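The block underneath contains the structure these notes are about, expressed in structure tokens.
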Amino acid sequence: MTDETFARPDYGPSGAGAVRFFEGFPECLPEEVAAKWQCVVDTIAVLLGVPAGLIMHVRDEKIEVAVASSGGSHPYHVGDSEHLAESGLYCETVVCTGDRLLVADALADELWKDNPDVKFGMIAYLGFPIHWPDGRPFGTLCALDTKPNHFGQIFERLLIQFRDLIEQDLAMLCESLSLTQRLTQEREEARNAASAARAELATAAKLSVIGQLAGSIVHEIGQPLASIRLHAAAALSWLERDPSQLDEAITSIQQLRVAVDDAFELVASLRAQARRVPAAMKSLELNEIVSKVVVLARRDLSSMGVHCELHLDKKGTCLQGDRLQIEQLIMNLVQNAGRALQRVSDRPRRVRVSTTAGAEGWTLVVEDNGPGIEPAIAGMIFEPLFTTEETGLGLGLSICKSIVEGHHGTICVEERDTGPGARFRIALPIKNWVQTIDSLCGEAAAEE
Ligand SMILES: Nc1ncnc2c1ncn2[C@@H]1O[C@H](COP(=O)(O)OP(=O)(O)OP(=O)(O)O)[C@@H](O)[C@H]1O
Ligand SMILES: [Mg+2]
Numbered sequence: 000m001t002d003e004t005f006a007r008p009d010y011g012p013s014g015a016g017a018v019r020f021f022e023g024f025p026e027c028l029p030e031e032v033a034a035k036w037q038c039v040v041d042t043i044a045v046l047l048g049v050p051a052g053l054i055m056h057v058r059d060e061k062i063e064v065a066v067a068s069s070g071g072s073h074p075y076h077v078g079d080s081e082h083l084a085e086s087g088l089y090c091e092t093v094v095c096t097g098d099r100l101l102v103a104d105a106l107a108d109e110l111w112k113d114n115p116d117v118k119f120g121m122i123a124y125l126g127f128p129i130h131w132p133d134g135r136p137f138g139t140l141c142a143l144d145t146k147p148n149h150f151g152q153i154f155e156r157l158l159i160q161f162r163d164l165i166e167q168d169l170a171m172l173c174e175s176l177s178l179t180q181r182l183t184q185e186r187e188e189a190r191n192a193a194s195a196a197r198a199e200l201a202t203a204a205k206l207s208v209i210g211q212l213a214g215s216i217v218h219e220i221g222q223p224l225a226s227i228r229l230h231a232a233a234a235l236s237w238l239e240r241d242p243s244q245l246d247e248a249i250t251s252i253q254q255l256r257v258a259v260d261d262a263f264e265l266v267a268s269l270r271a272q273a274r275r276v277p278a279a280m281k282s283l284e285l286n287e288i289v290s291k292v293v294v295l296a297r298r299d300l301s302s303m304g305v306h307c308e309l310h311l312d313k314k315g316t317c318l319q320g321d322r323l324q325i326e327q328l329i330m331n332l333v334q335n336a337g338r339a340l341q342r343v344s345d346r347p348r349r350v351r352v353s354t355t356a357g358a359e360g361w362t363l364v365v366e367d368n369g370p371g372i373e374p375a376i377a378g379m380i381f382e383p384l385f386t387t388e389e390t391g392l393g394l395g396l397s398i399c400k401s402i403v404e405g406h407h408g409t410i411c412v413e414e415r416d417t418g419p420g421a422r423f424r425i426a427l428p429i430k431n432w433v434q435t436i437d438s439l440c441g442e443a444a445a446e447e
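Just so you know, this note's numbering puts 152 at position 153 of the sequence shown, and the rest follows in order with no gaps.
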């Protein structure tokens with residue numbers, strides 16, 4: 000044998016996951032595999048008529064007894080180990096050469112007569128290397144005898160068969176290990192992805208709430224501010240006259256105070272919204288609210304070259320609702336129409352606001368003869384933050400939708416059948432909260 004033949008292999012510990020799995024070997028060996036290997040060495044001992052059949056395992060630069068045949072008398076116990084390098088053991092040669100070794104009579108062989116197993120009386124040896132699936136040495140499968148033994152080809156073939164069986168088990172164990180590791184990793188990845196998605200959802204939900212609230216502030220505060228500006232300007236102009244028109248100025252200042260009260264009420268309503276307090280439902284007259292908002296909006300609309308028509312149902316409709324929210328709803332739709340109409344220059348710019356009382360409830364329609372809404376975006380315009388406007392926040396319609404839903408109604412956009420433009424239709428059910436003025440008046444009269 001040459002030095003090259005004895006070149007020391009990499010005994011491990013290996014970096015391979017499978018070998019790491021077997022750091023606790025043979026304790027971690029699945030029971031059925033351990034039983035099978037025990038059966039292998041027992042069969043070897045019986046068939047070959049030898050005292051010892053062994054599976055040896057290389058670990059941490061040592062070689063140890065992994066499985067020993069039961070029944071016959073031999074000195075080997077599971078867990079016994081020796082330092083492998085230069086141990087002089089039969090198995091060292093098998094592991095180092097990666098080849099089978101047959102020593103028929105060590106006492107008659109110069110090379111083997113002093114090897115450590117001789118002192119146990121084991122003078123005959125037949126061993127084969129066992130390898131991990133990646134080719135690293137796992138250990139040996141061997142038979143030892145206390146008397147000279149040439150074993151013979153049939154027994155050699157038998158040991159090879161058993162060795163192959165063990166290597167198949169190792170391959171299967173490694174495969175199931177890597178499968179387990181892959182599954183664990185995939186589960187971990189899936190868990191991480193799920194928690195990332197949840198975090199994203201939570202952020203999106205927060206953004207939506209923050210966005211809606213910010214939008215509400217921007218839109219709703221604008222309305223009382225416009226009123227305040229209007230009445231302050233009027234009061235000033237009455238005072239600047241010569242002589243000053245004190246009565247008129249006082250009236251304007253009183254209206255200004257009403258607008259300031261509105262702003263306070265609005266802030267309180269926003270705070271309630273932020274705390275998810277339901278809208279403050281009170282008996283309201285819809286036509287009155289629509290008129291008020293349209294009068295207010297007309298100033299801005301006319302400066303934008305837009306004419307605003309108002310068509311109110313003569314019957315009048317009383318409803319249970321949050322006044323500020325309903326005002327906000329109408330104002331948002333009218334402002335959207337005014338802005339859309341800025342793109343129209345070939346026809347008079349018109350907005351039409353109408354109310355209709357029906358058996359099912361009341362309908363509010365805000366329509367314009369602007370460019371209308373592209374079918375491609377019609378499904379998105381009620382989403383928070385969706386806008387096609389450079390200066391838009393994309394919150395007006397999402398706020399409208401939540402206000403309408405808060406009042407148990409529906410809002411939709413339709414194409415106009417009389418020409419280009421957009422038509423927003425709000426339907427609110429009569430049930431629970433809408434009553435005609437007549438019936439309310441009837442109730443009031445009965446109470447009196
Ligand atoms: N009357 C309309 N005509 C044409 N397009 C409209 C009309 N109303 C709304 N839209 C479209 O719907 C989009 C969303 O409207 P929304 O009121 O929610 O947001 P915005 O007007 O863009 O911004 P913000 O209201 O926050 O100032 C608009 O950007 C616009 O593209
Ligand atoms: Mg808008």
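Just so it is clear, CB atoms sit at the ideal spot from N, CA and C, and this is done for glycine as well. As the structure is a computational prediction, the values presented were derived from the model and not from experiment.
Could you tell me whether the Cβ atoms of residue i and residue j are closer together than 7 Å?
i, j, result
"V117", "A105", "yes"
"V333", "A296", "yes"
"I372", "E326", "no"
"T387", "A426", "no"
"V57", "V94", "yes"
"L265", "E219", "yes"
"V64", "F161", "no"
"C90", "T139", "yes"
"R422", "C411", "no"
"L47", "F154", "yes"
"F119", "P74", "yes"
"D168", "V32", "yes"
"I402", "Q324", "yes"
"F381", "L396", "yes"
"L340", "G369", "yes"
"L88", "P115", "yes"
"C141", "L28", "no"
"D41", "S72", "no"
"L125", "L101", "yes"
"I165", "I129", "yes"
"D367", "G420", "yes"
"E284", "C317", "yes"
"A356", "K314", "yes"
"G337", "L392", "no"
"V294", "I329", "no"
Grab the span of the beta strand (DSSP E) containing residue i for me, first residue to last.
i, result
"E91", "Counting along the chain, E91 falls outside any beta strand (DSSP E), though it belongs to the alpha helix (DSSP H) covering 89–96."
"D367", "360–367"
"L309", "305–310"
"L427", "421–428"
"P128", "123–130"
"F137", "136–144"
"I410", "409–414"
"K61", "61–67"
"E81", "80–82"
"T354", "348–356"
"L106", "Element bounds for L106: n/a, residue is neither H nor E."
"R58", "51–58"
What does the Cβ neighbour count give for residue i, buried or exposed, with the cut at 16 atoms within 10 Å?
i, result
"T92", "buried"
"H82", "exposed"
"A234", "buried"
"M379", "exposed"
"E188", "exposed"
"Q222", "buried"
"T409", "exposed"
"G70", "exposed"
"D261", "buried"
"L182", "exposed"
"F137", "buried"
"P383", "buried"
"I159", "exposed"
"K112", "exposed"
"V365", "buried"
"A192", "exposed"
"K400", "buried"
Could you tell me the boundaries of the alpha helix (DSSP H) in which residue i lies?
i, result
"I288", "285–302"
"K400", "395–405"
"P374", "374–377"
"M330", "322–340"
"T42", "30–47"
- request: Evaluate contact between the region 350–361 and the region 307–321, counting only Cβ atoms and requiring at least three cross-stretch pairs below 8 Å.
  value: Taking 8 Å as the limit for Cβ pairs, the verdict is that the region 307–321 does touch the region 350–361.
- prompt: When the Cβ atoms of the region 239–259 are set against those of the region 219–231, are three or more pairs found closer than 8 Å?
  reply: In this structure the region 239–259 touches the region 219–231; the number of beta carbon pairs closer than 8 Å is three or more.
query: In the region 229–281, which residue ranges form an unbroken alpha helix (DSSP H) of at least 4 residues, counting only runs that do not cross its ends?
result: Counting only runs of 4 or more, we get 245–273.
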